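Participant:
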Amino acid sequence: MRDRIRYVIFGGVMLGLASLSAFAQDTLTLEQSIKLALKQNLEVQQSQIRTQNQAINLRQAKNNLLPDLNARLGHSFEVGRAIDPETNQYLNNVTNRYGNQSVSSSVVLFDGLRMFHDITQQAYAYRATQLDEQYAKEQITLNVTRAYIQALAARDVVAQADSLAAVMRRQVERSTLLFNQGASNPGDYYDLKGQYASDLNNLNEARNQYNEALVSLFQLINLPFNAETKLASFQELPLATTDTLTDEQLYQTAADRLGILKAAENWKKQAQFGLKAARSSYFPSLSMGAGLSSSYIHGNGAYVDQVRDRIGQNLGFTLSIPILNRFQVRNNVARAKLDLLDA
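Residue numbers (my numbering): 2 to 344.
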């Protein structure tokens, strides 16, 4: 069994390495780079997690408006002296078993509009995290595009440097033949060799810069670096003209498209309603509760009959007036004000 598990693990590892190797040998396009980065980049993944977490917070804020419902079951044993629950008389040397069960529910009728402010606050926070996620994707798209273009430019520099070195190498070869035959000026010959050495050095520097550009691109994509990966060239894309747009229209267009600008507005509103929610705790809260309860005594009849005959109902209202709560509300309001200033 262990050998089988070992073979399965080994096969899975080899399959993963084979698929990674196959990807590394393929030509990587700009579109593929952006898709991989959006899928695997850690910052994008973290922004998506924050958005999902905030969606849960918003859902919980809305669910807080619903009443709660709880059931309770209990069973107890009494040995020795006890009080008869029916006659209220003391009994000696008894062994009794009691059971009780209840269902209760409560709902908040008024809490200074705290829950409504909390819902609005969480809604703005959820929208802000969505826009932050959009901004993270925009940034990684721009960064990948820039890194891809820089890698292509570095590759072109390598091609040019290689071409110059190849031309210079042929010139050195011809000059070497002439120099060996005594038909070449020694000064010109050694100058030519020095230029060839300089071209080779430039070629090595260009290759290093290209590898550095590839490393930066693979870091953004979050994939292991492979120098054998080929980058596909792309045609020049037509740019939209802005001659007919005013400065205000350009700003509005950018504000509508860039998530960071709209996210800042939503974080500001989120902090405003957070302050309102904190101040709501200064007000009294009113809640309503209702419930059903019953009990059972062993030996006094059938269980179902006793539960049916002993059913009790209750309905009540609770008004909670904050007087002194160790300055928690005041400190929460102070923190909410600081959050608003920081938003």
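Every residue gets a Cβ at the ideal spot worked out from N, C-alpha and C, and that includes glycine.
Since the model is a prediction, treat every value here as computed from it, not as a measurement.
Suppose the cutoff is 8 Å on Cβ atoms and the five residues either side in sequence are ignored; what does the same chain contact list for Pro239 look like?
Facilitator: If you number the sequence shown from 1, residue 239 lands on position 238. Any reading at Pro239 needs caution, since the residue's pLDDT is 48, under 50, leaving its predicted position unreliable; the model's value is listed next. No residues qualify anywhere along the chain.
Participant: Taking all protein chains shown into account, do 16 or more other C-beta atoms lie within 10 angstroms of the C-beta of Gly17, making it buried, or fewer, making it exposed?
Facilitator: On the sequence shown, position 16 is the one that residue 17 refers to. Any reading at Gly17 must be qualified, since the residue scores a pLDDT of 42, below 50, and its modelled position is unreliable; the value itself is stated next. By the neighbour-count rule (16 or more Cβ atoms within 10 Å), Gly17 is not buried but exposed.
Participant: Thinking C-beta only, is Tyr283 closer than 8 Å to Pro225?
Facilitator: The residue given as residue 225 occupies position 224 in the sequence shown. The residue given as residue 283 occupies position 282 in the sequence shown. Result no, Cβ atoms of Pro225 and Tyr283 do not sit closer than 8 Å.
Participant: What's the call for Gly275, buried or exposed, on a 16-neighbour Cβ count within 10 Å?
Facilitator: For this step, residue 275 is matched to residue 274 along the sequence shown. So Gly275 ends up on the buried side.
Participant: If we call anything under 8 Å between Cβ atoms a contact, is Ser286 one with Val109?
Facilitator: For the purposes of this step, residue 286 is taken as residue 285 along the sequence shown, with counting starting at 1. For the purposes of this step, residue 109 is taken as residue 108 along the sequence shown, with counting starting at 1. Yes; because the gap between Cβ atoms is below 8 Å, this pair is in contact.
Participant: Give me the Cα-Cα distance between Leu215 and Leu204, rounded to the nearest whole angstrom.
Facilitator: Position 214 of the sequence shown, counted from the first residue, corresponds to residue 215. Position 203 of the sequence shown, counted from the first residue, corresponds to residue 204. C-alpha separation (whole angstroms): 16 Å.
Participant: Whose C-alpha, out of Ala154, Ser294, Ser321, Lys40, is nearest the C-alpha of Arg309?
Facilitator: In the sequence shown, residue 309 corresponds to position 308, counting from 1. For Arg309, the nearest C-alpha among the options comes from Ser294.
Participant: State the Cα-Cα distance for the pair Leu66 and Ile120, rounded to the nearest angstrom.
Facilitator: As a first step, residue 66 must be located in the sequence shown, where it is residue number 65. As a first step, residue 120 must be located in the sequence shown, where it is residue number 119. Answer to the nearest angstrom: the Cα atoms are 10 Å apart.
Participant: For Val80, tell me which candidate among Tyr91, Lys263, Ala72 has the shortest Cα-Cα distance.
Facilitator: Indexing the sequence shown from 1 puts residue 80 at position 79. If we check each option's Cα against that of Val80, Tyr91 comes out closest.
Participant: Distance, Cα to Cα, Asn202 vs Gln196?
Facilitator: Stepping through the sequence shown from its first residue, residue 202 is reached at position 201. Stepping through the sequence shown from its first residue, residue 196 is reached at position 195. Cα to Cα, the separation comes out at about 10 Å.
Participant: Three or more C-beta pairs under 8 Å: does that hold for the region 43 to 56 against the region 132 to 141?
Facilitator: Yes, the region 43 to 56 touches the region 132 to 141.
Participant: When the Cα of Ile35 is compared with those of Asp192, Glu139, Arg170, which residue comes out closest?
Facilitator: The residue given as residue 35 occupies position 34 in the sequence shown. The residue with the shortest Cα to Cα distance from Ile35 is Glu139.
Participant: Do you know how far the Cα of Glu249 is from the Cα of Ile269?
Facilitator: Here the question's residue 269 lines up with position 268 in the sequence shown. Here the question's residue 249 lines up with position 248 in the sequence shown. The sequence shown places Lys at residue 269, rather than the Ile named in the question. If I take the Cα positions, the gap works out to 23 Å.
Participant: Kindly give me the distance between the Cβ atoms of Leu29 and Ala335, rounded to whole angstroms, as I take these residues to be in contact under 8 Å.
Facilitator: Along the sequence shown, one-based indexing puts residue 29 at 28. Along the sequence shown, one-based indexing puts residue 335 at 334. Going by Cβ atoms, the distance from Leu29 to Ala335 rounds to 53 Å, so no, they are not a contact pair.
Participant: Where are the alpha helix (DSSP H) runs, 4 residues long or more, that stay fully inside the region 98 to 129, in chain order?
Facilitator: The qualifying runs do not exist here; there are none.
Participant: Give every residue of the same chain whose Cβ lies closer than 7 Å to the Cβ of Gln314, excluding the five residues on either side of it in the sequence, and list them in chain order.
Facilitator: Locating residue 314 in the sequence shown gives position 313, counting from the first residue. Within the same chain, Gln314 has close Cβ partners Leu293.
Participant: Run through DSSP, which three-state label would Arg327 get?
Facilitator: Mapped onto the sequence shown, residue 327 falls at position 326. In this structure, Arg327 counts as coil in the three-state DSSP scheme.
Participant: Per the DSSP calculation, Lys231 is bridged to which residue(s)?
Facilitator: Looking up residue 231 in the sequence shown gives position 230. Answer is Thr28, bridged to Lys231.
Participant: Using DSSP with H/G/I as helix, E/B as strand and the rest coil, what is Arg311?
Facilitator: Looking up residue 311 in the sequence shown gives position 310. DSSP places Arg311 in coil when its eight states are reduced to three.
Participant: Within its chain, find whatever has a CB closer than 8 Å to the CB of Leu193; leave out the 5 residues flanking it on each side and keep chain order.
Facilitator: Locating residue 193 in the sequence shown gives position 192, counting from the first residue. Here the set comprises Met169, Gln172, Val173, Ser176.
Participant: Following the continuous beta strand (DSSP E) through Gly300, name the residue where it begins and the one where it ends.
Facilitator: On the sequence shown, position 299 is the one that residue 300 refers to. Here Gly300 belongs to no beta strand (DSSP E), and DSSP marks it neither H nor E.
Participant: Does Lys338 get closer than 8 Å to chain C when you measure Cβ to Cβ?
Facilitator: This model lacks chain C altogether, as it is built from one protein chain only.
Participant: Could you compute how far the alpha carbon of Ser217 sits from the alpha carbon of Ser164?
Facilitator: For this step, residue 217 is matched to residue 216 along the sequence shown. For this step, residue 164 is matched to residue 163 along the sequence shown. Each residue's alpha carbon lies about 26 Å from the other.
Participant: Among all the DSSP beta bridges, which residues are the ones paired with Gly317?
Facilitator: Here residue 317 is taken as the residue at index 316 of the sequence shown, counted from 1. For Gly317, which the question treats as bridged, DSSP gives the partners Gly290.
Participant: According to the Cβ coordinates, are Asn267 and Arg73 closer than 8 Å?
Facilitator: Locating residue 267 in the sequence shown gives position 266, counting from the first residue. Locating residue 73 in the sequence shown gives position 72, counting from the first residue. Going by C-beta atoms, Asn267 is not nearer than 8 Å to Arg73.
Participant: Leaving out five residues before and five after Asn58 in sequence, what residues of the same chain have Cβ atoms less than 8 Å from its Cβ?
Facilitator: On the sequence shown, residue 58 is found 57 positions in, with the first residue counted as 1. Closer than 8 Å at Cβ, skipping near neighbours: Gln123, Ala126, Tyr127.
Participant: Please state whether the Cβ-Cβ distance between Ala155 and Tyr211 is less than 8 Å.
Facilitator: Mapped onto the sequence shown, residue 155 falls at position 154. Mapped onto the sequence shown, residue 211 falls at position 210. Closer than 8 Å, so yes.
Participant: Nearest CA to the CA of Tyr297: which residue from Gln102, Asn181, Leu70?
Facilitator: As a position in the sequence shown, residue 297 is number 296, starting the count at 1. Residue Gln102 is the option with its Cα nearest to Tyr297.
Participant: Comparing C-alpha positions only, which one of Leu262, Lys40, Leu70, Ala272 sits nearest to Leu341?
Facilitator: In the sequence shown, counting from the first residue as 1, residue 341 sits at position 340. If we check each option's Cα against that of Leu341, Ala272 comes out closest.
Participant: Could you work out which residue in Asn93, Ser105, Leu39 is closest to Arg317 when comparing CA atoms only?
Facilitator: Locating residue 317 in the sequence shown gives position 316, counting from the first residue. Arg is not the amino acid found at residue 317; the sequence shown has Gly there. Closest option to Gly317, Cα to Cα, is Ser105.
Participant: If distances are taken between C-alpha atoms only, which option among Gln33, Thr130, Phe328, Asn97 comes closest to Lys263?
Facilitator: Indexing the sequence shown from 1 puts residue 263 at position 262. Comparing Cα positions, the closest option is Thr130.
Participant: Within its chain, find whatever has a CB closer than 6 Å to the CB of Arg208; leave out the 5 residues flanking it on each side and keep chain order.
Facilitator: Counting from one through the sequence shown, the residue named residue 208 turns up at place 207. The answer, listed in chain order, is Val159.
Participant: For a quick check, are the C-beta atoms of Val145 and Leu43 less than 8 Å apart?
Facilitator: Locating residue 145 in the sequence shown gives position 144, counting from the first residue. Locating residue 43 in the sequence shown gives position 42, counting from the first residue. Result no, Cβ atoms of Val145 and Leu43 do not sit closer than 8 Å.
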